[in-house]
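Reading through the structure tokens given below for one structure.
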Amino acid sequence: MKPFRFRATVNGRPVDLPVDPRRRLLDVLREDLGLTGTKEGCGEGECGACTVLLDGRPVNACLVLAPEAAGCDITTIEGVAVEGRLHPIQEAFLEAGAVQCGYCTPGMILAAKALLDKDPRPTDQAIKTAVSGNLCRCTGYVKIVKAVRLAAARLAREEGAV
Amino acid sequence: MTGQADGKMPAVSSVIGRSCPRVDGADKVTGSALFAADRRMEGMLYARVLRSTVPHAVLRRIDAEAARAVPGVAAVYTAADIPGENRVGIIVKDEPVLVDDRIRRVGDPLALVVAGNEQALAAAMSEIEVFYEELPAVFSPEEAMAGGAPAIHGQGNIQSVTRIVRGDVDSALKEARAVISRRYTTQMVEHAYLEPEAGLAAVVDGLVTIWVSTQNPHYDRREVARVLGIGQNRVRVVQSPTGGGFGGKLDISVQCLLGLAAWKTGRPVRMVYSREESMAASPKRHPCVIDYTSACDGDGRLLAVKVKIVGDTGAYASYGPATLKRAAVHATGPYEVPNVFIESYCVYTNNPTAGAMRGFGVPQVAFAHESQMDLLAGALGLDPFTIRLRNCFRPGGVTATGQRLLHSVGIKETIDRARAKAEELGMLEGKR
Amino acid sequence: MKKRGIGVGCMWYGIGNTGAPNPAGAFLDFLEDGTVLVLTGCADIGQGSSTALAQIAAGELGVNIEDILVVAGDTGVSPDAGATSASRQTYISGNAVLLAARQAKEVLLQEAAGVLGAAASELGLGGGYVWRGGERTPVTVKDILARCRQKGKLTLGSGWFNPLTTGLDEAGQGVPYATYSYATQVAEVEVDTETGKVSVLRLAAAHDVGRAVNPQAVEGQIEGGCLMGIGYALLEEVKVDRGRVGNPRYAEYILPMSLDAPEIHAIIVEDPEPTGPYGAKGVGEPALIPTAAAIANAVADALGVRFYDLPVTPEKILAALTAEGDHKSPDE
Ligand code: FES
Ligand code: FES
Numbered sequence: 005m006k007p008f009r010f011r012a013t014v015n016g017r018p019v020d021l022p023v024d025p026r027r028r029l030l031d032v033l034r035e036d037l038g039l040t041g042t043k044e045g046c047g048e049g050e051c052g053a054c055t056v057l058l059d060g061r062p063v064n065a066c067l068v069l070a071p072e073a074a075g076c077d078i079t080t081i082e083g084v085a086v087e088g089r090l091h092p093i094q095e096a097f098l099e100a101g102a103v104q105c106g107y108c109t110p111g112m113i114l115a116a117k118a119l120l121d122k123d124p125r126p127t128d129q130a131i132k133t134a135v136s137g138n139l140c141r142c143t144g145y146v147k148i149v150k151a152v153r154l155a156a157a158r159l160a161r162e163e164g165a166v
Numbered sequence: 014m015t016g017q018a019d020g021k022m023p024a025v026s027s028v029i030g031r032s033c034p035r036v037d038g039a040d041k042v043t044g045s046a047l048f049a050a051d052r053r054m055e056g057m058l059y060a061r062v063l064r065s066t067v068p069h070a071v072l073r074r075i076d077a078e079a080a081r082a083v084p085g086v087a088a089v090y091t092a093a094d095i096p097g098e099n100r101v102g103i104i105v106k107d108e109p110v111l112v113d114d115r116i117r118r119v120g121d122p123l124a125l126v127v128a129g130n131e132q133a134l135a136a137a138m139s140e141i142e143v144f145y146e147e148l149p150a151v152f153s154p155e156e157a158m159a160g161g162a163p164a165i166h167g168q169g170n171i172q173s174v175t176r177i178v179r180g181d182v183d184s185a186l187k188e189a190r191a192v193i194s195r196r197y198t199t200q201m202v203e204h205a206y207l208e209p210e211a212g213l214a215a216v217v218d219g220l221v222t223i224w225v226s227t228q229n230p231h232y233d234r235r236e237v238a239r240v241l242g243i244g245q246n247r248v249r250v251v252q253s254p255t256g257g258g259f260g261g262k263l264d265i266s267v268q269c270l271l272g273l274a275a276w277k278t279g280r281p282v283r284m285v286y287s288r289e290e291s292m293a294a295s296p297k298r299h300p301c302v303i304d305y306t307s308a309c310d311g312d313g314r315l316l317a318v319k320v321k322i323v324g325d326t327g328a329y330a331s332y333g334p335a336t337l338k339r340a341a342v343h344a345t346g347p348y349e350v351p352n353v354f355i356e357s358y359c360v361y362t363n364n365p366t367a368g369a370m371r372g373f374g375v376p377q378v379a380f381a382h383e384s385q386m387d388l389l390a391g392a393l394g395l396d397p398f399t400i401r402l403r404n405c406f407r408p409g410g411v412t413a414t415g416q417r418l419l420h421s422v423g424i425k426e427t428i429d430r431a432r433a434k435a436e437e438l439g440m441l442e443g444k445r
Numbered sequence: 438m439k440k441r442g443i444g445v446g447c448m449w450y451g452i453g454n455t456g457a458p459n460p461a462g463a464f465l466d467f468l469e470d471g472t473v474l475v476l477t478g479c480a481d482i483g484q485g486s487s488t489a490l491a492q493i494a495a496g497e498l499g500v501n502i503e504d505i506l507v508v509a510g511d512t513g514v515s516p517d518a519g520a521t522s523a524s525r526q527t528y529i530s531g532n533a534v535l536l537a538a539r540q541a542k543e544v545l546l547q548e549a550a551g552v553l554g555a556a557a558s559e560l561g562l563g564g565g566y567v568w569r570g571g572e573r574t575p576v577t578v579k580d581i582l583a584r585c586r587q588k589g590k591l592t593l594g595s596g597w598f599n600p601l602t603t604g605l606d607e608a609g610q611g612v613p614y615a616t617y618s619y620a621t622q623v624a625e626v627e628v629d630t631e632t633g634k635v636s637v638l639r640l641a642a643a644h645d646v647g648r649a650v651n652p653q654a655v656e657g658q659i660e661g662g663c664l665m666g667i668g669y670a671l672l673e674e675v676k677v678d679r680g681r682v683g684n685p686r687y688a689e690y691i692l693p694m695s696l697d698a699p700e701i702h703a704i705i706v707e708d709p710e711p712t713g714p715y716g717a718k719g720v721g722e723p724a725l726i727p728t729a730a731a732i733a734n735a736v737a738d739a740l741g742v743r744f745y746d747l748p749v750t751p752e753k754i755l756a757a758l759t760a761e762g763d764h765k766s767p768d769e
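Residue numbers (the working numbering), protein chains in the order written: chain A, 5 to 166; chain B, 14 to 445; chain C, 438 to 769.
Encoded structure:
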């Protein structure tokens, strides 16, 4: 099949490359752009390990074909820290002990970011719902929920300080 | 630095007992941790393994000529290409890297395809022809242990038996105030770690180097060296960040196949299981049938247990013998029982292989012994906490294997603390 | 109708392989700038062994954890530590690292003893200084390291540890493990008698780990184990038909998800093990072992009907409740 020009913004940077239109966004990110922080756990939309943000919305990159993401603003885990400084969600994941094997972590952090970007004061139930498409086999989710709560409080404080 | 300012020697406790953040945490929250599937090398090839679709068969021939002719295919390997020993296994070397004589389960590896891209790989897989003669198969330990059952590994299908005998169970049963006998069954379970099996191998400075998701890199090295017929010092296994294991990454998965492919082609080779392949081909938790009899006196003190555990280890031993032995040793639960007769059987079938999974047979027996404790408590009108406190090990207690427990016997404290927490939370309200 | 029930599950778990040798080794290099390299075969699979081993080395050498680099699971450089299984690595590799640290430390203490005119046994290291009988001396660890190097002494250590066990005899008698971890979990469930669905509301999980080297990591193990135990009790089953896995996909093999996670109260009990590093035993597997037992007992408590077959699915519950309506088969 004829490649098409995949043009998008990935982690704030413009990207323009020829891509087979049948290719999944996940492969474009991991293989073509070398952004391997986005993980593949199932390839069929069941685990959330491949979660990235498409114009701020969390999507499973394994279910999105490259053409569907063209023109979008894409955020992967590599784009969450700003200039080498960890994002408060990343810090909170570390501090709260929400990371064990770390395979679900990039997807979890992006799902959490999408939540906090639109609901800065979520309830525990809202947090659990926001990450309900992201499986974690290690943590029992307890510290993940705690980390998101902690990040929300920190972001609110930062907000207040500005 | 801690402890310096006040002129006191920094106590060990300034670091032991402290919730330090994970040393690899920053890499994992930024996405920079390189898991095995994240690695790539110049000139890298891709590998995939063709697996059997039948549970039991004599393998006659594999015709890979057409597959080898697919453009982009670098090689197709079968058992004949293995330079060293074609058997692996942590306890018993009973599992082929690539089947040479007999297929023993659905999912047994038959041929390894190596190609320059995924499309060629897929095309070649469908071109391989496998000729076999199906054999009668057994799908439960009961059938497998019956007389005349097809022998999966040459001799009988009972892989191992563990027996623990202490005191005189039969007379204890006669004296008991309450005797409870039940059969418990537990299911096969999947580890379901989020990261499917993956690895990358290359010959680097003459060393077969394998980056792999694993729970035991040194075991992997032993097996790869034996299978390739080279010295252990010619093999380097580097554990990649591993996306969960829970016992399921203790066995050989991609290691030997990757070693073979890199060694033979001289090129870097990567192999990543799909979720489906991971779940279909990896070892599982042993399904068990447990016949459990417990007896106690009028105060609820255990007098005897008689337990028979049968575990289905599937086509290969894997960690099965260790799992069933551990299940036997732990069958009493954390309780002092003067008279025991415990037997456990690890049995081959043509089911998926069961190996190590978090708990190694103990979650299975815990379901049984804890149900029994509640049944005994019910029979005597005792509270579930009371009967456990009455029987749990104390320092100086003796286990079913005759071991005297001297130190660090915290079971009583865990019962007290769990109960106190449950009370504090109001969990016990309206209950006792 | 919703029925509430409480159940208790207890367990014990022998740390390490059953009645078989299972040693682990470690190498340690105290570098001249005061930082430390630890080489271990111990695979960190997410449970946090590299962090715990760094803490153990830091504790023994009196340095900050940031000054320890653990290189783990690379057969090109690290000694064999056996498998990350049997909840053995904190106890066994922890001891190996501790012994390696002691050996390297001994070189420093001998050197410091010469400088201070003291016996090495009176001395300790901490916060960058050499300590004598609990008092800080002016001698820094860096001075001592430099002196060692000037004399051509390297500050290296190696250690290995194999738990003291015996095999089991014909009658299964012997000492299969050097130490055991213990736990009790209490589960609170609610069973919907219309749908058969069991919700685990709360879990109190008390675990005797000897000593928690890293309490947050221990809690993480307990919480993760509890959720895996919920899956084992209520949801998970590999369906096998004539040897073939029938549900090899996440869509068909149902795992507990965030919304299934109950309140989990992890309680760390510390009854120190004299042979463990700082008293530590293990927790990885114990975390999950009593959960299904406690839940099954809680369901029996809620319904008065007991299930002998895992997992306790809504179908099994509904079938049992219907049967109970006809002819009673309640719990004894
Ligand atoms: S890999 Fe995309 S949801 Fe699992
Ligand atoms: S930390 Fe391992 S899957 Fe979430």
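Cβ coordinates follow ideal geometry from the N, Cα and C atoms, glycine included. Source: prediction; values computed, not measured.
- request: Count the other C-beta atoms from every protein chain shown that fall within 10 angstroms of the C-beta of Met386 (chain B), then say buried if there are 16 or more, exposed otherwise.
  value: buried
- prompt: Can you name the residues of chain D whose CB is closer than 8 Å to the CB of Gly106 (chain A)?
  reply: Among the protein chains of the structure shown, namely A, B and C, there is no chain D.
query: Does the count of Cβ pairs from the segment 379-396 of chain B and the segment 206-216 of chain B closer than 8 Å reach three?
result: no
query: If you count every other CB in all the chains shown that lies within 10 Å of the CB of Lys588 (chain C), and 16 or more means buried, which is it?
result: exposed
task: Identify which residue in B:Gly391, B:Ser287, B:Asn246, B:Glu147 has its Cα closest to the Cα of Gly45 (chain A).
output: B:Ser287
- prompt: Can you find a heavy atom of ligand 2 that lies under 7 Å from the Cβ of Gly313 (chain B)?
  reply: The closest heavy atom of ligand 2 lies 7 Å or more from the beta carbon of Gly313 (chain B).
- prompt: Exposed or buried, Lys132 (chain A), counting other C-beta atoms within 10 Å across all chains shown (16 or more means buried)?
  reply: Burial state of Lys132 (chain A) is buried, judged by a 10 Å Cβ sphere holding 16 or more other Cβ atoms.
query: So Pro124 (chain A) and Ala102 (chain A) are in contact, right, with Cβ under 8 Å, and what is the actual spacing, rounded?
result: The pair is not a contact, with the Cβ atoms about 19 Å apart (cut-off 8 Å).
message: Taking the alpha carbon of Gly609 (chain C) as the reference point, which residue from B:Ala162, B:Ile29, B:Ala413, B:His420 has its own alpha carbon closest?
response: Nearest C-alpha to Gly609 (chain C): B:Ala413.
message: Within a Cβ cutoff of 6 Å, which residues of the same chain sit near Ala735 (chain C), ignoring the five residues on either side of it in sequence?
response: Gly442, Ile443, Gly444, Ala624, Val626
task: Anything in the segment 20-31 of chain A with a Cβ closer than 7 Å to a Cβ of chain C? List those residues in chain order, please.
output: Taking 7 Å as the Cβ-Cβ cut-off against chain C, none of the residues of the segment 20-31 of chain A qualify.
Met14 (chain B) to Val576 (chain C) span [Cα, whole Å]: Low local confidence applies: a pLDDT of 34 at Met14 (chain B) is under 50, so the model's placement there is unreliable, with the coordinate-based value given in what follows. Spanning the two alpha carbons is a distance of roughly 16 Å.
task: Could you spell out where the alpha helix (DSSP H) holding Ser291 (chain B) opens and where it closes?
output: 288-294
message: Taking DSSP's pairing of strands, which residues face Phe354 (chain B) in a bridge?
response: B:Val178, B:Lys319
message: Within a Cβ cutoff of 7 Å, which residues of the same chain sit near Ala74 (chain A), ignoring the five residues on either side of it in sequence?
response: So the list reads Phe10, Arg11, Ala12, once near-sequence residues are dropped.
message: Using only the alpha-carbon positions, how far apart do Ala70 (chain A) and Ile78 (chain A) sit?
response: 12 Å
- prompt: Taking just the CA atoms, how far does Val83 (chain B) sit from Leu273 (chain B)?
  reply: 21 Å
- prompt: In chain C, which residues lie less than 8 Å from Ile29 (chain B) when you measure between Cβ atoms?
  reply: Gln492, Ile493, Gly496, Arg648, Val650, Tyr715
field: Within 6 Å of ligand 1: residues by beta-carbon to any heavy atom
entry: A:Glu44, A:Gly45, A:Cys46, A:Gly47, A:Gly49, A:Glu50, A:Cys51, A:Gly52, A:Ala53, A:Cys54, A:Asn64, A:Cys66
task: Could you tell me which of B:Leu393, B:Ala335, B:Gly279, B:Arg432 sits nearest to Phe373 (chain B), measuring between CA atoms?
output: With distances taken between Cα atoms, Phe373 (chain B) lies closest to B:Ala335.
- prompt: Do you know offhand how far Phe598 (chain C)'s Cα is from Val216 (chain B)'s?
  reply: 33 Å
- request: Would you mind sorting Gly551 (chain C) into buried or exposed? The rule is 16 or more other CB atoms within 10 Å of its CB.
  value: exposed
message: Per the DSSP calculation, Pro62 (chain A) is bridged to which residue(s)?
response: A:Leu57
- prompt: What alpha helix (DSSP H) runs, 4 residues minimum, are completely inside the segment 162-243 of chain B?
  reply: Counting whole runs of 4 or more residues, the segment 162-243 of chain B contains the alpha helix (DSSP H) stretches 182-188, 230-241.
message: Measuring only the C-alpha atoms, how far is Glu559 (chain C) from Arg539 (chain C)?
response: 14 Å
task: Excluding the 5 residues preceding and the 5 following Glu35 (chain A) in the sequence, name in chain order all residues of the same chain whose CB lies nearer than 8 Å to its CB.
output: none
- request: Give the range of the alpha helix (DSSP H) segment to which Glu95 (chain A) is assigned.
  value: 92-100
query: Is the beta carbon of Ser184 (chain B) less than 8 Å from the beta carbon of Asp121 (chain B)?
result: no
message: If you measure between the beta carbons of Ser524 (chain C) and Ile452 (chain C), is that distance less than 8 Å?
response: yes
field: Under the three-state DSSP convention, the category Phe144 (chain B) falls into
entry: strand
query: DSSP on Cys359 (chain B), reduced to helix/strand/coil?
result: strand
message: Across the segment 84-91 of chain B and the segment 133-141 of chain B, are there enough close Cβ pairs to call them in contact, namely three or more that are closer than 8 Å?
response: yes
- prompt: Buried or exposed: where does Thr488 (chain C) fall if 16 or more other Cβ atoms within 10 Å of its Cβ makes it buried?
  reply: buried
query: Do Gly510 (chain C) and Gln268 (chain B) have their C-beta atoms closer together than 8 Å?
result: no
task: Please name the residues in the segment 447-466 of chain C whose beta-carbon is closer than 9 Å to at least one beta-carbon of chain B, in chain order.
output: Cys447, Met448, Trp449, Tyr450, Gly451, Asn454, Thr455, Gly456, Ala457
Test: Arg174 (chain A) CB closer than 8 Å to a CB of chain B: Lying outside 5 to 166, the shown extent of chain A, residue 174 (chain A) is not represented and no answer is given.
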